[in-house]
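Each protein sequence line maps, in turn, to chains R and F. Quick note on my numbering: the first sequence kicks off at 13 and runs consecutively. Quick note on my numbering: the second sequence kicks off at 58 and runs consecutively. Beneath this line is the structure, given in structure tokens, with notes to follow.
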Amino acid sequence: MAAAKKPAKKVTKPSSRAPKAASSSRPVAEKYTSTALSLESVSQDFARADLRFDGVDHSQSTFEARVFLNNAEANEKTPTTPESGYAGRFHIFGHGGCFGDVGHCEVRGPRRPFDPRPAHPLTPATKIVIATQAIRQALGKGKQVTVTVVPIVLSGTKLCDFKKVLKFDKISVVTYR
Amino acid sequence: MSNLTLRPSVEGLEQAPDQLQALRDAYGKMQALRGDDNRSWVYWAGLHGYPQWMCWHHGRVGQGNPRRYNLFLPWHRAFLLYFEHSMKDQNEKAVLPWWDWTSDTSHSIGLPSSFTDPQVDGAANPLYSGPVPSMLSVPEHTSARYPGSPAELPTADQVETLLSLSSFVDFTLQIEDIHDQIHGWAGGMNPANSDEGGDMGAVATAAYDPIFWSHHCMIDRIWYLWQLRQGVNNVPDDYVQKPLAPFGLTVGDVLDINRLGYEYGVTEQVLTTDGPA
Numbered sequence: 013m014a015a016a017k018k019p020a021k022k023v024t025k026p027s028s029r030a031p032k033a034a035s036s037s038r039p040v041a042e043k044y045t046s047t048a049l050s051l052e053s054v055s056q057d058f059a060r061a062d063l064r065f066d067g068v069d070h071s072q073s074t075f076e077a078r079v080f081l082n083n084a085e086a087n088e089k090t091p092t093t094p095e096s097g098y099a100g101r102f103h104i105f106g107h108g109g110c111f112g113d114v115g116h117c118e119v120r121g122p123r124r125p126f127d128p129r130p131a132h133p134l135t136p137a138t139k140i141v142i143a144t145q146a147i148r149q150a151l152g153k154g155k156q157v158t159v160t161v162v163p164i165v166l167s168g169t170k171l172c173d174f175k176k177v178l179k180f181d182k183i184s185v186v187t188y189r
Numbered sequence: 058m059s060n061l062t063l064r065p066s067v068e069g070l071e072q073a074p075d076q077l078q079a080l081r082d083a084y085g086k087m088q089a090l091r092g093d094d095n096r097s098w099v100y101w102a103g104l105h106g107y108p109q110w111m112c113w114h115h116g117r118v119g120q121g122n123p124r125r126y127n128l129f130l131p132w133h134r135a136f137l138l139y140f141e142h143s144m145k146d147q148n149e150k151a152v153l154p155w156w157d158w159t160s161d162t163s164h165s166i167g168l169p170s171s172f173t174d175p176q177v178d179g180a181a182n183p184l185y186s187g188p189v190p191s192m193l194s195v196p197e198h199t200s201a202r203y204p205g206s207p208a209e210l211p212t213a214d215q216v217e218t219l220l221s222l223s224s225f226v227d228f229t230l231q232i233e234d235i236h237d238q239i240h241g242w243a244g245g246m247n248p249a250n251s252d253e254g255g256d257m258g259a260v261a262t263a264a265y266d267p268i269f270w271s272h273h274c275m276i277d278r279i280w281y282l283w284q285l286r287q288g289v290n291n292v293p294d295d296y297v298q299k300p301l302a303p304f305g306l307t308v309g310d311v312l313d314i315n316r317l318g319y320e321y322g323v324t325e326q327v328l329t330t331d332g333p334a
């Protein structure tokens with residue numbers, strides 16, 4: 013274990029800790045809306061249904077991602093209700109931007125299958141939203157669905173890009189009996 | 058049980074002035090040590106984020122195995138254990154408390170008052186903030202928080218739902234998501250500067266904030282409660298031998314918290330030492 017840097021002197025005062033309502037000073041990040049996705053192969057015969065997001069980037073800010081089905085107009089003010097198509101949410105505890113030198117946060121791929129070292133800490137994440145009722149509701153209305161993901165920035169550092177916080181590779185519906 | 062350290066709730070600790078003072082004393086002494094002293098606050102926080110980045114979050118692809126695995130829970134259990142040892146090395150009476158963000162008090166006031174009072178008895182409160190070294194464009198400072206509304210904190214019902222999940226992989230993904238939420242909630246954004254968040258809100262700086270340790274203690278406790286329902290050794294077989302660097306432990310070594318020397322409770326009070334001979 014390498015030594016850490018020398019201790020910091022207390023040079024600034026932390027802010028007030030008084031609880032407050034969701035801050036209006038939060039940056040507004042870009043949302044995502046899919047094209048119409050086919051649910052043809054998904055039957056209604058399930059006990060649980062998940063929306064699985066693969067390849068989710070966590071290198072930047074910390075955010076909440078609200079997921080809506082068939083509501084392309086959804087934004088951070090949209091009620092999180094079934095009537096709004098709200099399916100659930102996931103959260104990302106972000107790295108906070110890159111604090112290293114050139115290449116420090118670069119995840120190189122494809123990973124060699126027998127490399128004994130753990131994969132890069134910024135290997136993209138998988139997030140699962142248990143969305144049984146919302147998917148059942150969407151299936152009740154048709155065999156196509158759009159997925160809108162609204163990122164709400166919760167926290168971050170000066171090194172973060174607060175506009176493009178939401179990056180992922182793939183959305184899947186996974187059902188279970 | 059007498060040889061086990063009982064980790065109390067923060068609310069329980071606040072009812073036990075001697076224990077609360079011991080925690081402040083231990084944190085204060087660690088924060089006063091030089092950062093290159095491997096007993097110091099800066100050293101331990103730096104293992105998690107900047108500059109050593111050893112923490113485990115989210116799944117990664119395993120060795121010789123295309124399946125992802127996730128050491129979030131066992132890695133942080135080992136991390137807390139050695140941090141607690143280092144803390145006790147400064148004050149043997151200090152114990153690591155868990156912050157129950159589902160409690161009525163938390164849903165009323167948010168962060169516990171013992172962590173939000175800037176000063177105690179006229180001196181800086183070591184539970185309020187800790188030293189953060191300089192890192193790139195972020196200058197050295199003392200940790201800050203801009204917490205959200207208490208109503209946004211997770212509920213006991215949400216935790217109960219987690220405890221009913223029978224698969225470890227399922228459970229760890231869902232509890233990590235709540236963990237992520239709390240980091241964002243506690244860090245928050247500076248209302249006076251919209252491109253600056255609190256330290257809990259980034260992996261780089263989170264562990265420099267004293268509330269980090271009690272948040273993770275809560276996560277560890279929920280894993281323990283899950284283990285009581287779903288099995289202490291309930292992890293995929295191929296997890297057991299995974300190393301938890303740099304602690305010299307494997308996943309299998311940290312499954313039983315009693316073997317690690319601690320237990321979770323709310324409060325502990327000796328009623329008498331005058332029993333029959």
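Note that CB positions come from ideal geometry on N, CA and C, so glycine has one too. Source: prediction; values computed, not measured.
Any C-beta of chain F under 9 Å from that of residue i
i	result
R38 of chain R	yes
G67 of chain R	no
I104 of chain R	yes
A33 of chain R	In this prediction, A33 of chain R scores a pLDDT of 41, lower than 50, which makes its location untrustworthy; the coordinate-derived value is nonetheless stated afterwards. So yes, A33 of chain R belongs to the interface.
I183 of chain R	no
F75 of chain R	yes
T135 of chain R	yes
A84 of chain R	no
A61 of chain R	no
A41 of chain R	no
A131 of chain R	yes
Rounded Cβ spacing between residue i and residue j (contact assumed at less than 8 Å)
i	j	result
E325 of chain F	P65 of chain F	6 Å
Y107 of chain F	M192 of chain F	5 Å
L151 of chain R	V54 of chain R	7 Å
H70 of chain R	H115 of chain F	6 Å
T158 of chain R	L49 of chain R	7 Å
Q203 of chain R	G109 of chain R	No information on residue 203 of chain R is available, as it lies outside the stretch 13 to 189 that chain R covers here.
T138 of chain R	F65 of chain R	7 Å
H164 of chain F	P207 of chain F	5 Å
P183 of chain F	Q88 of chain F	6 Å
G106 of chain R	G168 of chain R	6 Å
V185 of chain R	L63 of chain R	6 Å
CB contact check: residue i to chain R, cutoff 9 Å
i	result
R50 of chain F	Nothing in the structure corresponds to residue 50 of chain F, since chain F is present only between 58 and 334.
E71 of chain F	no
Y107 of chain F	yes
E325 of chain F	no
W242 of chain F	yes
T262 of chain F	yes
V67 of chain F	no
H142 of chain F	no
I276 of chain F	no
D214 of chain F	no
Q147 of chain F	no
D227 of chain F	yes
G254 of chain F	yes
H43 of chain F	This structure cannot settle anything about residue 43 of chain F, because the visible part of chain F is limited to 58 through 334.
Under 9 Å between C-beta atoms of residue i and residue j
i	j	result
A261 of chain F	W270 of chain F	no
L90 of chain F	R81 of chain F	no
P39 of chain R	K175 of chain R	yes
W156 of chain F	H236 of chain F	no
T144 of chain R	A86 of chain R	no
W98 of chain F	P188 of chain F	yes
P293 of chain F	F225 of chain F	yes
Q287 of chain F	L220 of chain F	yes
R60 of chain R	I142 of chain R	yes
F180 of chain R	P136 of chain R	yes
R124 of chain F	A131 of chain R	no
G255 of chain F	S194 of chain F	no
V152 of chain F	Q76 of chain F	yes
Near the ligand ADP: residue i beta-carbon under 8 Å from a heavy atom
i	result
K170 of chain R	This structure lacks the ligand ADP, and indeed carries no ligand of any kind.
Chain A within 9 Å of residue i, Cβ atoms only
i	result
D237 of chain F	Absent from the structure is chain A; the protein chains it does hold are R and F.
Chain F contacts made by the stretch 166-180 of chain R, where a contact means CB separation under 7 Å: L166, S167, G168, T169, K170, L171 and F174
Proximal residues, the stretch 89-115 of chain R versus chain F, C-beta separation under 7 Å: F102, H103, I104, F105, G106, H107, G108 and F111
Are the stretch 292-312 of chain F and the stretch 124-140 of chain F touching, with three or more C-beta to C-beta distances below 8 Å? Touching, yes, given that three or more Cβ pairs across the two stretches are closer than 8 Å.
For the structure I just gave you, are there three or more beta carbon pairs, one from the stretch 175-183 of chain F and one from the stretch 230-244 of chain F, closer than 8 Å? no
Could you name the residues of the stretch 138-169 of chain R whose beta carbon sits closer than 8 Å to any beta carbon of chain F, in the order they occur along the chain? T138, K139, I140, I142, V165, L166, S167, G168 and T169
The stretch 244-260 of chain F / the stretch 276-285 of chain F touching (three or more Cβ pairs under 8 Å): Too few Cβ pairs lie closer than 8 Å, so no.
Check each residue of the stretch 184-196 of chain F: if its Cβ is closer than 8 Å to any Cβ of chain R, include it; give the result in chain order. Y185, S186, P188, V189, P190, S191, M192, L193, S194, V195 and P196
Residues of the stretch 287-308 of chain F whose Cβ lies closer than 7 Å to any Cβ of chain R, in chain order: P303
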